[in-house]
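In our numbering, the protein residues as written are 6 to 138.
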């Protein structure tokens, strides 16, 4: 029970940290440092996790995260990828949006929590990728 409470607090903290990040205006170097720090705090090494394929991400998730945390952390990773894609240039943004979409879809399919926000982001990504494609 204590571990579950800790994990729920961590998810809430992640939401606040990501919202704060998105609200602030940063110079590019500071923005990149802060994004890398969010990855490190919540899902793992920025360079490693960000550059894994979706298939490699699933292996990483299985190896690194407990069963009861895996879906939540994959959701956090999808949120980080989505947030980063909003300020990256094409073609990086396209890759990040696509990976975020696939992770959102996985969370949607395998998780037990319905999220309007997740559905809205998935729809937004579909539109963005259609416009870029």
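All residues carry an ideal CB built from backbone N, CA and C; glycine is no exception.
Nearest to residue 47 by C-alpha distance, out of 26, 92, 25 and 19, is 19. Take residue 34, set aside five residues on each side of it, and no residue of its chain has a beta-carbon closer than 7 Å to its own.
Taken through DSSP and simplified to helix, strand or coil, residue 80 comes out as helix. Going by DSSP, residue 99 is part of the alpha helix (DSSP H) stretching over 97-115.
Residue 38: member of the alpha helix (DSSP H) spanning 33-47, first to last residue. Residue 71 sits in coil when the DSSP states are folded into three classes, being neither helix nor strand.
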